[in-house]
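Every letter in the sequence shown is one number past the one before it in the numbering used here, and letter 124, counting from 1, is 127.
The C-beta atom is built at its ideal place from N, Cα and C for all residues, glycine as well.
Report on the following structure.
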Amino acid sequence: MKIFIELPTWLGDAVMATPAIENIVRHYPECELIIFGSFLSTQLFLDHPNVKEIVVDKSRSEGNRYLNLYKQAREIGKIDIAISFRSSFSTKFLFWFLDASQKCIYRKDKHIEKHQVLRYNDLINSCLGLQTTPGTLKIYQRKVLSKKSDRKTLGINPGATYGSAKRWYPEKFAEVAIVLSDRYDIVIFGGPNETDIAVDIEEELRKSGVQNYMNLAGKTTIPELIDRISQLDLFITGDSGPMHVAAAFQVSTVALFGPTKDKETSQWKNPKGIIVKKEMACAPCMKRTCPLKHHECMKFIKAEDVLKAVKQLT
């Protein structure tokens, strides 16, 4: 049984698709998975035991986007089932040319409020005629880095790829980290486009005399990021891909929400997770940048709010 799976583009969405994928494997234990998607999302599946092949979407590389998709569809060959967790036009184009006996494409009903994990699982239930419920998030690791220190480790993740509206402020992250630095070694995370924010936090820590920190922003591969997060004792983050990675390993997490819907994208089945947010008439707006230009949904979250949540977890 060969099953083609197109992943969501973003890391966090791909993590939220893992319970549905695990239910597919549970139903077809001998299946061979062909994983297709962005380089970012496909990296989650490097160590999955059922993955036979990983194909990175080349539609945005040089040349005609749709010609590239057509070529990739033909190269994949004959498959039994094709499932996409995306609903874009490019997905429909790709699936038109896939040689599959059965094809299922995700469609989001925006009028129903439901966690994204449930939406993805509904897709595979409908597609395969199943009645499964989603379990915990699942990321496979073949080799885990050994922890070098006996001290507890705090990870802080100030970035959010979707847009600036989801980001808390570097000086506030630093304020929290400074208070906790006597109990935790600190690791700053971030992607290649978030190094400036990480440097701002680093400078605040240095000014306060904190030395037990490490800035890994822009310096880790996705597998390295996963390994680092899996070893954390505490994680403070915005609504982001790394937040969902932490949920997969049930890391104690304080997640800051502003413009996005926590009922749809909060950590899934992490009993050690707490959401910090402010009730606002304008939130959640689901915008990349604050349309009202005041960003109060994140601005009104104070360091004291986060420290109170940390106290609840520890």
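Item                                                                                                           : Value
Residue range of the unbroken alpha helix (DSSP H) whose run includes D3                                       : Not covered by the structure: residue 3. The range shown for the chain is 4 to 317.
Three-state class that DSSP yields for F98 in the structure shown                                              : helix
The alpha helix (DSSP H) enclosing T224, as first and last residue numbers                                     : Here T224 belongs to no alpha helix (DSSP H), and DSSP marks it neither H nor E.
Beta-carbon proximity of E33 to E267, cut-off 8 Å                                                              : no
Cβ distance (whole Å) where G132 is taken to contact N160 below 8 Å                                            : Between N160 and G132 the Cβ distance is about 39 Å, and since that is not below 8 Å, they are no contact.
Own chain residues within Cβ distance below 7 Å of R77, not counting five before or after                      : F100
Bridge-paired residues (DSSP) for A258                                                                         : T240 and I278
DSSP three-state assignment for C285, whether helix, strand or coil                                            : coil
Spatial neighbours of T94 in its chain, beta-carbon cut-off 7 Å, leaving aside the 5 residues before and after : E9, S87 and I108
First through last residue of the alpha helix (DSSP H) which encompasses F42                                   : F42 to T45
Nearest-angstrom Cα separation, counted from L295 out to N124                                                  : 35 Å
Contact under 8 Å by Cβ, A249 with F238                                                                        : yes
G221 versus W171 - alpha carbon distance                                                                       : 19 Å
Bounding residues of the alpha helix (DSSP H) (the contiguous stretch that carries Y187)                       : Element bounds for Y187: not the alpha helix (DSSP H) but the beta strand (DSSP E), Y187 to I191.
Cβ neighbours of F252 in the same chain (closer than 6 Å, five flanking residues each side left out)           : S233
With 16 other Cβ atoms within 10 Å as the buried cut-off, status of P195                                       : exposed
Option nearest A284 by Cα separation, candidates H298, K275, P274 and N128                                     : H298
Minimum C-alpha distance to L3 - residue among E207, G244, S91 and A312                                        : Nothing about residue 3 can be reported from this structure: the residues present for the chain run from 4 to 317 only.
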